[in-house]
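Novice:
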Amino acid sequence: MNLQLELYKFQREFLARLPQEQVFILQEATAELVKEFQNRRMLRIDDEAPNFTLPDSTGKLVCLSEQLKKGAVILTFYRGGWCPYCNLELRAYQKLLPKIKALGACVLAVSPQTLAASKTTVVKNALQFDVLSDVGSSVARDYGIVFEIPDPLKQVYTELGHALPDCNGTNDWLLPVPATFIIDRSQHIALAYIDVDYSKRYEPLDAIAILLSLFVAT
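Using the UniProt record's numbering, the letters of the sequence shown map in sequence onto residues 1 to 218.
1) Going by DSSP, what residue range makes up the alpha helix (DSSP H) through ILE25?
2) Grouping DSSP H, G and I as helix and E and B as strand, with all else coil, what is ALA163?
3) Kindly indicate the opening and closing residues of the beta strand (DSSP E) around CYS106.
4) Which first and last residues belong to the beta strand (DSSP E) in which MET148 is found?
5) Taking DSSP as the reference, what is the three-state secondary structure of VAL216?
6) As an exercise, report each continuous alpha helix (DSSP H) stretch of at least 4 residues that is fully enclosed by the segment 46 to 77, in chain order.
7) Go ahead and pull the three-state DSSP assignment for SER199.
8) What do you reckon, are the CB atoms on PRO176 and TYR198 nearer than 7 Å?
9) Are three or more beta carbon pairs between the segment 203 to 210 and the segment 97 to 117 nearer than 8 Å?
10) Return the residue from the list LEU115, ARG91, PHE129 and ALA116 that minimises the CA-CA distance to CYS106.
11) Just list the beta strand (DSSP E) runs in the segment 91 to 143, keeping only unbroken ones of 3 residues or longer that don't cross its boundaries, in chain order.
12) Pick out whichever of ILE194, LEU3 and ASP184 has its Cα sitting closest to the Cα of LEU90.
13) Based on the DSSP output, what are the partners of ILE208 in its beta bridges?
14) From MET42 to ILE194, what does the alpha carbon distance come to, in whole angstroms?
15) Looking only at C-alpha atoms, which of ARG79, ARG40 and ALA109 sits nearest to CYS63?
16) Using three-state DSSP, classify PRO178 as helix, strand or coil.
17) Of all the options TRP82, PRO152, VAL34 and GLY144, which has the alpha carbon lying nearest to the alpha carbon of ASP47?
18) What span of residues does the beta strand (DSSP E) with LEU191 cover, start to end?
19) May I have the straight-line CA-CA distance separating LYS9 from SER57, to the nearest angstrom?
20) Go to ARG17, then tell me how far its alpha helix (DSSP H) extends in each direction, as first and last residue.
21) Apply the 10 Å Cβ neighbour rule to ILE45 and answer buried if 16 or more other Cβ atoms are within range, or exposed otherwise.
22) Buried or exposed, going by whether 16 or more other CB atoms sit within 10 Å of the CB of SER138?
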């Protein structure tokens with residue numbers, strides 16, 4: 001089963017368990033986010049990827065430009081370990097990690113959550129790639145994918161046990177929309193996938209063909 005099918009199956013079961021009022025708020029928030037992002041300048045293929053240095057779940061600093069000296073990078077922004085859609089995505093990359101490494105590439109997963117929360121995400125999903133903490137969302141802002149959770153959705157998330165200030169160690173309710181970038185060794189974007197619908201993600205298996213083309217070209 002590919003990732004999108006897994007996500008669809010989970011969403012159908014998840015929404016069926018929620019009160020209709022919460023479902024409506026979730027759907028309305030996504031519709032409003034589509035409008036918000038329509039006129040936003042997004043990073044595209046061939047754009048230079050903004051460099052960054054962020055701590056992994058152990059506190060070790062990881063720099064994008066240093067990683068690119070070794071090979072291409074799959075950079076995926078996820079909402080947090082509290083998000084079941086994100087966990088499915090992260091596990092999908094873990095399953096493909098041997099193939100990704102064989103092509104000289106690596107995975108960097110970035111969220112706004114704290115180091116402690118990132119460590120929990122790593123352990124929970126048995127991840128063997130770098131999971132980075134972008135507390136304050138400065139890197140996600142550089143990539144143009146940050147938004148603020150609207151008030152009705154804050155209430156839903158709180159009721160579901162996902163109070164973002166607690167997860168992220170900040171006073172704000174900022175999140176990145178899920179996005180995946182494949183970055184070549186010259187630090188230019190070979191693929192840019194951004195979808196404001198949190199239930200949709202880039203299919204990790206599709207990354208292999210792009211990584212192969214970059215690997216052959218080097």
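We put the beta carbon where it would ideally sit given N, CA and C, even for glycine. Only a predicted model underlies this, so the values are computations on that prediction, with no experimental measurement involved.
Specialist: Walking through what the data contain:
1) Here the question's residue 25 lines up with position 25 in the sequence shown. If you look at ILE25, you'll find it in the alpha helix (DSSP H) that goes 20 to 38.
2) If you number the sequence shown from 1, residue 163 lands on position 163. ALA163 falls in the coil class under three-state DSSP.
3) Looking up residue 106 in the sequence shown gives position 106. Its beta strand (DSSP E) spans residues 106 to 111.
4) The residue given as residue 148 occupies position 148 in the sequence shown. Reading off the sequence, residue 148 comes out as Glu, not Met. Element bounds for GLU148: 146 to 148.
5) Working through the sequence shown from its first residue, we reach residue 216 at position 216. Helix at VAL216.
6) Here the runs fully enclosed are 64 to 68.
7) The sequence position of residue 199 within the sequence shown is 199, counting from 1. Here SER199 sits in coil by DSSP.
8) The count along the sequence shown starts at 1 and reaches residue 176 at position 176. The count along the sequence shown starts at 1 and reaches residue 198 at position 198. TYR198 is positioned such that its CB atom lies no closer than 7 Å to that of PRO176.
9) The segment 203 to 210 makes contact with the segment 97 to 117, as at least three CB pairs between them are under 8 Å.
10) In the sequence shown, residue 106 corresponds to position 106, counting from 1. The option with the nearest alpha carbon to CYS106 is PHE129.
11) With a minimum length of 3 residues, the continuous beta strand (DSSP E) runs that stay inside the segment 91 to 143 are 106 to 111 and 130 to 133.
12) As a working note, residue 90 is residue 90 in the sequence shown. Ranked by Cα distance from LEU90, the options ILE194, LEU3 and ASP184 are led by LEU3.
13) Translated into positions along the sequence shown, residue 208 becomes position 208. DSSP lists no partner for ILE208.
14) Counting from 1 along the sequence shown, the entry for residue 42 is found at position 42. Counting from 1 along the sequence shown, the entry for residue 194 is found at position 194. Approximately 8 Å between the Cα atoms of the pair.
15) Here residue 63 refers to the residue found at position 63 when the sequence shown is read from its first residue. When only C-alpha atoms are compared, the closest one is ALA109.
16) Along the sequence shown, one-based indexing puts residue 178 at 178. Looking at PRO178 - three-state DSSP - the assignment turns out to be coil, as it is neither helix nor strand.
17) Here residue 47 refers to the residue found at position 47 of the sequence shown. Comparing Cα positions, the closest option is GLY144.
18) Residue mapping note: residue 191 aligns to position 191 of the sequence shown, counting from 1. Following the DSSP letters along the chain, one finds LEU191 inside the beta strand (DSSP E) bounded by residues 189 to 194.
19) Residue mapping note: residue 9 aligns to position 9 of the sequence shown, counting from 1. Residue mapping note: residue 57 aligns to position 57 of the sequence shown, counting from 1. If you take the alpha carbons of LYS9 and SER57, they lie about 30 Å apart.
20) Working through the sequence shown from its first residue, we reach residue 17 at position 17. Element bounds for ARG17: 3 to 17.
21) In the sequence shown, residue 45 corresponds to position 45, counting from 1. With fewer than 16 other CB atoms across the displayed protein chains lying within 10 angstroms of its CB, ILE45 is exposed.
22) Indexing the sequence shown from 1 puts residue 138 at position 138. Exposed, by the Cβ-count rule.
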